[in-house]
Structure formats: C-alpha cells, structure tokens
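And the structure:
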C-alpha cells in the first residue's frame, strides 16, 4: 500500500466516523432521518405545479397508495404512512416544441433539481405537525440542517385544515 | 306515458340513430375511434409541462406500462400498444401558496381542461405514422373532426427520430 493509499484510507475512515458520530447517513435527511422511499418514481400523480422566482422549476407531486387514497377521499389529517414525493425539474422554454407551434408557448421539464419527501408519522414527528421532511439531490440527502428546518417553518403557515400540505389533488 | 315523455323518448332514439349512422359513439374519437383507456389516471408520469398562449394549461403526461418501458429504454419507434395520456388543467396563479412564500411565484393546476390520448398501432393507423388520437372533456370524446385532424398535422412536424411524440422522459 502506497503512502497515498494509506492517507486516502485514513481520510475515508475519518469521514465515516464523523457521519456515524452525527447519527446520520448520507441517505437520510438531517433532523428527521427521512430516506428516499424505494420506487417513488413509479407512484401516482397528485398534481403538477410551476414555481417561478428563485426555484424556477416545474414539478410533479406523487403519492404512495396511502397518500393517493387520502387525497381522493379527502381524508384530513392524512393517516400515518402517507408519503408525498415532490419531484422538481429545471423550468425550460422548449425551442424544439415552439418550432412546431404557431407561437412560442411551450415550457418543459429540464434536468431534475431535487426531490422533496414528506412522511406522516404523528408520533415520531409530533413536534412538526406529524410530518418529517427530506430533500435529495441525485439520490443523496441534502445534509443542511438550516435548509431542512425551513420545510416545516413554511408548511406551518398553511391553513390548519390542510394538515400542512400545499398540494390539492388534480382529477 | 305523457306527451313530454313520448317526445323525449323519440328525441333520444333519433339521437342514438344519428350517432349509430356515423359509426361513432360518444365515447370514441372521430376519425380514429380512440377511447379513454380504463385506469389511465393511475398510470406513471412521463413528464410535466406548461403550455402558455391559447392553451394556458399545466399538464401531466402519463404512460401505460408499454409507454413507460419504451421511454425509459429509449425505444424508438414506440412499440404497438403504447398509450400516452396527456392530462391538462387550467394554469392558475395560487394566492393560497403565494400568501406563504416570500414573493408571488406559485402556479398550480386548476380545473381539468381535457385529456388527450395517443395510441400506437402501426397497422391500424398506418396513414398517420402509426398513431391514433382522441381528445376527451369530462370523459366524453370531443366529436370535432377538424379538431382531431390537427393532432397528426402538428405531431408530423417533429423530427422523425421522435416518432411523432413531443414528450421526453423526466427521471
């Protein structure tokens, strides 16, 4: 083993120890420990939206079976086990489509920006309205604690009847 | 049976005969005879988009299993049996969301406008690149023949490598 290899291994071990010490792994969000759910990309659509401004994205909001049932039945608060996945993409004008249409008008989904997960567990996340949050870029949990704390701070501003959820179901 | 009931029945029979004579039913599109596929609202997402201009909608593009596999694998032309469902909703500024955000920025899906279906059957629809089309409002096929003829006229303008399909898959 070369000196470089030894050094590299030492750094790797130190990094792992540091992650372990924090109680977090790179696949789970800070504060909540939320992971990217298996198979979320195959979930059904709750709704779609466009956020202008700093986000400048276009998004699909998907739900697991419990979420879809609750949205369709109008059940509030959402039952434990509800998971909502918000997939955002760069909001892009489509030259390819506009070439075909009579006027420039087409905006499409570019590269993925991030995926945000909201999980309902009324006991585990009792201090944040029963919701745990996570943000993922390229499948990796964003490690920023200040960022993750903005989730509930913002959702908490919604009318109580919405159970801290922005999306409405689109038929 | 009152006179009104007799008259109503006579009108109903006349309407049905007229529909039967045209070879079309109110659940299938003119020209192509495309029906709204069972369970399409439960299909997986291909992508999302916003059309400004006259459409002024925000849309989810869904696909049946054959469509999703073809998009993920990059298979072109699409195999027979591919069905793409484009669900459009009124593009609406959300006062409810903007109240919570630092600046007005949120655009959401309002009421559904229409659902457009594209079905691949290379033999049945050989004259239109292998694609049959239908547009549905509230589950009812739009009966306009001029309207349905605009579908392929527009899709045909795309680059041949796209097999007459606008959407790209969003991961």
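Residue numbers (this note's numbering), protein chains in the order written: chain A, 3 to 173; chain B, 3 to 173. Every residue, glycine too, gets a C-beta built ideally from N, C-alpha and C.
Could you tell me which chain B residues have their CB closer than 8 angstroms to the CB of residue i, listed as they occur along the chain?
| i | result |
| --- | --- |
| residue 172 (chain A) | 62, 89, 91, 111, 114 |
Give every residue of the same chain whose Cβ lies closer than 6 angstroms to the Cβ of residue i, excluding the five residues on either side of it in the sequence, and list them in chain order.
| i | result |
| --- | --- |
| residue 42 (chain B) | 87 |
| residue 94 (chain A) | 110, 112 |
| residue 79 (chain B) | 165 |
| residue 58 (chain A) | 93 |
| residue 114 (chain A) | 91 |
| residue 152 (chain B) | none |
Out of the options, which has the shortest C-alpha to C-alpha gap to residue i?
| i | options | result |
| --- | --- | --- |
| residue 166 (chain A) | A:143, A:144, A:150, A:120 | A:120 |
| residue 138 (chain A) | A:111, A:162, A:91 | A:91 |
| residue 133 (chain A) | A:150, A:144, A:142, A:103 | A:150 |
| residue 170 (chain A) | A:29, A:34, A:69, A:39 | A:69 |
| residue 154 (chain B) | B:145, B:114, B:168, B:102 | B:168 |
| residue 55 (chain B) | A:82, A:104, A:62 | A:104 |
| residue 173 (chain A) | B:30, B:45, B:34 | B:45 |
| residue 40 (chain A) | A:85, A:61, A:60, A:50 | A:85 |
| residue 96 (chain B) | A:50, A:152, A:35 | A:50 |
Rounded to whole angstroms, how far is the Cβ of residue i from the Cβ of residue j, which I believe are closer than 8 angstroms?
| i | j | result |
| --- | --- | --- |
| residue 117 (chain B) | residue 89 (chain B) | 5 angstroms |
| residue 48 (chain B) | residue 76 (chain B) | Incorrect: roughly 13 angstroms between the Cβ atoms, too far for contact. |
| residue 141 (chain B) | residue 37 (chain B) | Their Cβ separation, rounded to whole angstroms, is 10 angstroms, which puts residue 141 (chain B) and residue 37 (chain B) out of contact at 8 angstroms. |
| residue 157 (chain B) | residue 60 (chain A) | About 22 angstroms separates the two Cβ atoms, so there is no contact after all. |
| residue 30 (chain B) | residue 128 (chain B) | Contact doesn't hold; Cβ gap of about 19 angstroms is too wide. |
| residue 2 (chain A) | residue 62 (chain B) | Because chain A here runs from 3 to 173, residue 2 (chain A) falls outside it and cannot be looked at. |
| residue 159 (chain A) | residue 102 (chain B) | 4 angstroms |
Quick one: list the residues of chain B neighbouring residue i, beta-carbon separation under 9 angstroms, in chain order.
| i | result |
| --- | --- |
| residue 165 (chain A) | Under the 9 angstroms cutoff, chain B gives no residues; its nearest Cβ is about 14 angstroms from residue 165 (chain A). |
| residue 51 (chain A) | 50, 60, 96, 99, 108, 109, 110, 111 |
Since residue i meets chain B, which of its residues come closer than 7 angstroms, beta carbon to beta carbon?
| i | result |
| --- | --- |
| residue 102 (chain A) | 156, 159, 160 |
| residue 46 (chain A) | 44 |
| residue 168 (chain A) | 99 |
Ordered along the chain, which non-local residues of its own chain (more than five positions away) have a Cβ less than 7 angstroms from that of residue i?
| i | result |
| --- | --- |
| residue 24 (chain A) | Its pLDDT being 49, under 50, residue 24 (chain A) is placed unreliably by the model, and nothing is read from it. |
| residue 107 (chain B) | 100 |
| residue 83 (chain A) | 68, 122 |
| residue 124 (chain B) | 82, 132 |
| residue 147 (chain B) | 32, 33 |
| residue 20 (chain A) | Because the pLDDT of residue 20 (chain A) is 41, which lies under 50, any placement of that residue in the model is unreliable, and the question is left without a value. |
| residue 130 (chain A) | 154 |
| residue 98 (chain B) | none |
Short of 8 angstroms in beta carbon distance, which residues of its chain neighbour residue i, apart from the five on each side in sequence? Order them along the chain.
| i | result |
| --- | --- |
| residue 74 (chain A) | 171 |
| residue 163 (chain B) | 78 |
I'd like to confirm something about residue i: is its beta-carbon nearer than 7 angstroms to some heavy atom of the ligand MN, or not?
| i | result |
| --- | --- |
| residue 103 (chain A) | Judged by which ligands are present, the structure shown has none, so any question about the ligand MN falls away. |
Can you pull the chain A residues whose beta carbon is under 8 angstroms from the beta carbon of residue i, in chain order?
| i | result |
| --- | --- |
| residue 146 (chain B) | Under the 8 angstroms cutoff, chain A gives no residues; its nearest Cβ is about 18 angstroms from residue 146 (chain B). |
| residue 139 (chain B) | Here the premise fails: no neighbours, minimum Cβ distance about 13 angstroms. |
Would you verify that the beta carbon of residue i is, or is not, closer than 8 angstroms to some beta carbon of chain D?
| i | result |
| --- | --- |
| residue 97 (chain B) | Here chain D cannot be found, since the structure's protein chains are A and B. |
Could you tell me which residues DSSP pairs with residue i in its beta bridges?
| i | result |
| --- | --- |
| residue 37 (chain A) | A:30 |
| residue 59 (chain B) | B:53, B:92 |
| residue 133 (chain A) | A:122 |
| residue 43 (chain B) | Looking at the DSSP assignment, residue 43 (chain B) forms no beta bridge with any residue, so it has no partner. |
| residue 64 (chain B) | B:47, B:87 |
| residue 138 (chain A) | A:117, A:143 |
| residue 108 (chain A) | B:53 |
Listing by chain order, which chain A residues have their CB less than 7 angstroms from the CB of residue i?
| i | result |
| --- | --- |
| residue 55 (chain B) | 105, 107 |
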